[in-house]
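Novice:
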Amino acid sequence: MGVDDQRLLALLAAAPMPLSQLARALAVPPGQLAGQLQALVQAGVALQQQGDCWQLRQPPDLHQRDRIEQLLAPATLPLLGGLEVLWEVDSTNSELLRRPLPQAGVSVLLAERQTAGRGRRGRHWVSPLAQHVYLSLACRFQGGIAAMAGLSLAVGVLVAEALRGHGLTGVGLKWPNDLLLGGRKLGGILLESRGSAQDPALAVIGIGLNVHNAAAAAGAIDQPWTSIDQHLPGLAQRDGVVAAVLNGLLPGLVAFEREGLAPFLTRYAALDVLAGQPVWIHQDGQRQPATALGLAADGGLRVLDQHGQRCLHAGDVSVRKQ
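In this text, residue positions in the sequence shown follow full-length UniProt numbering: the first is 1, and each later residue adds one.
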């Protein structure tokens with residue numbers, strides 16, 4: 001990768017520095033370092049060049065594990081099996097899937113950036129440096145994969161409620177895994193698992209949330225999106241967002257393992273942005289009109305189309321404009 005970005009940014013956070021001095025401090029050729037600085041600018045880092053001198057206009061919003069832990073509620077801390085921050089990883093979900101099954105508590109992994117972030121159905125998740133939240137949790141389900149039915153929907157409820165409590169009162173849910181604000185995508189959830197139907201199994205919950213309005217990454221996102229700082233400019237600090245999510249999510253996971261999806265259905269209905277809306281159903285390369293009717297008891301999406309009522313368990317749904 002060349003120079004360690006973390007070391008480079010640490011030097012510039014201390015004081016502006018000429019390129020030649022930076023190159024000597026990092027023991028790399030100035031030409032190579034100049035290319036890396038330009039790459040960081042393109043990635044959205046607030047670097048500025050004045051003559052030969054480079055400086056940080058604004059320090060990147062980097063995670064601090066101690067700060068996150070200080071923001072966690074007393075009821076959350078005992079449920080935490082570990083909290084780790086990586087500078088770079090291919091995918092936080094992939095990394096946790098490579099690790100052993102947690103024996104106790106929920107293991108939490110954050111990254112400053114992902115090189116191969118994944119969304120639902122293998123889609124690429126844009127993950128610029130220190131701009132958004134790239135969060136994955138690994139937890140042990142004693143009842144096996146069968147006990148995870150509806151988990152991603154419950155996680156959506158818990159995350160949306162946590163964000164509303166953080167001040168984002170308009171956050172809603174679009175089946176099956178999107179968090180929306182003002183009709184635009186704020187984040188998403190990716191649930192993956194490893195194990196058998198009945199034996200203790202691993203659930204890996206990936207959560208991506210747009211925090212900063214990273215103009216450098218906007219062109220890589222293929223749908224209308226928004227970020228927390230566009231709605232709460234004074235509160236868009238990544239560690240505060242992470243702590244709010246964990247404070248809502250970790251106790252909620254305990255309740256889900258004990259009670260399943262049923263207690264979350266009413267709460268989901270209060271957040272459902274599709275219910276009663278005309279929608280398009282995208283399945284097998286085809287698009288069909290329907291009306292969304294809300295969740296079924298098993299977490300499927302009830303719809304009404306030309307053939308009558310039915311329940312979807314796969315595919316994508318988008319709002320159909322009148």
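Idealized CB from N, CA, C, for every residue including glycine.
With a cut-off of 8 Å on the beta carbons, I'd call Pro176 and Ser152 a contact; round off their distance for me.
Specialist: That belief holds up - the Cβ atoms of Pro176 and Ser152 are roughly 7 Å apart, short of 8 Å.
Novice: Can you say whether Asp272 is buried or exposed, counting buried as having 16 or more other CB atoms within 10 angstroms of its CB?
Specialist: Burial call: buried.
Novice: Thinking C-alpha only, which one of Gln309, Ser193, Pro102, Leu168 is nearest Asp229?
Specialist: Ranking Gln309, Ser193, Pro102, Leu168 by Cα distance to Asp229 puts Leu168 first.
Novice: Would DSSP call His307 helix, strand or coil?
Specialist: Reduced to three states, the DSSP call for His307 is coil.
Novice: For the alpha helix (DSSP H) holding Val242, just list the boundary residues, first then last.
Specialist: Its alpha helix (DSSP H) spans residues 238-259.
Novice: Am I right that Leu86 and Pro200 are in contact with their C-beta atoms under 8 Å? What's the rounded C-beta distance?
Specialist: Contact flag wrong, Cβ pair sits at about 26 Å.
Novice: Which value, in whole angstroms, describes the spacing of the CA atoms of Val41 and Leu33?
Specialist: Distance between the alpha carbons of Val41 and Leu33 is about 13 Å.
Novice: Arg118: buried (16+ other C-beta within 10 angstroms of its C-beta) or exposed?
Specialist: It is buried - the Cβ of Arg118 has at least 16 other Cβ atoms within 10 Å.
Novice: Taking 6 Å as the limit between beta carbons, can you name the residues of its chain near Leu250, skipping five residues before and five after?
Specialist: Excluding residues within five positions, the ones whose Cβ falls inside 6 Å are Thr76, Leu79, Val106.
Novice: Note down, in chain order, each residue of its chain lying with its Cβ closer than 7 Å to the Cβ of Gly170, except the 5 sequence neighbours on either side.
Specialist: Closer than 7 Å at the Cβ level, and outside the excluded window around Gly170, lie Leu181, Gly182.
Novice: In chain order, which continuous runs of the beta strand (DSSP E) of length 3 or greater are located wholly inside the region 92-134?
Specialist: For the region 92-134, whole beta strand (DSSP E) runs of length 3 or above, ordered along the chain, are 106-114.
Novice: Between which two residues does the alpha helix (DSSP H) carrying Gly156 extend?
Specialist: Where Gly156 is concerned, the enclosing alpha helix (DSSP H) stretches over 151-165.
Novice: Could you name each continuous beta strand (DSSP E) segment of 3 residues or more that falls completely within the region 32-64, going from the start of the chain to the end?
Specialist: 47-50, 53-56, all fully within the region 32-64.
Novice: Measuring straight from C-alpha to C-alpha, what distance separates Gly187 and Asp239?
Specialist: Distance between the alpha carbons of Gly187 and Asp239: 16 Å.
Novice: Output the distance between the C-alpha atoms of Pro278 and His132, rounded to the nearest integer angstrom.
Specialist: Computed Cα separation, rounded: 31 Å.
Novice: Could you name the residues that DSSP lists as bridge partners for Ala138?
Specialist: Ala138 pairs with Ser107, Val204.
Novice: Using three-state DSSP, classify Ser318 as helix, strand or coil.
Specialist: The answer is strand: DSSP assigns Ser318 an E or B state.
Novice: With distances taken between CB atoms, is the gap from Leu8 to Leu22 smaller than 9 Å?
Specialist: Contact flag set, yes.
Novice: Specify, as a first and last residue, the run of the beta strand (DSSP E) that Ser193 falls within.
Specialist: Ser193 -> beta strand (DSSP E) spans 184-194.
Novice: Just how far apart, CA to CA, sit Ile189 and Asp52?
Specialist: Going by the C-alpha atoms only, they are around 43 Å apart.
Novice: Do you know offhand how far Val254's Cα is from Tyr268's?
Specialist: Rounded to whole angstroms, Val254 to Tyr268 spans 18 Å at the Cα level.
Novice: In this structure, does DSSP put His212 in helix, strand or coil?
Specialist: Of the three classes helix, strand and coil, the one that applies to His212 here is coil, per DSSP.
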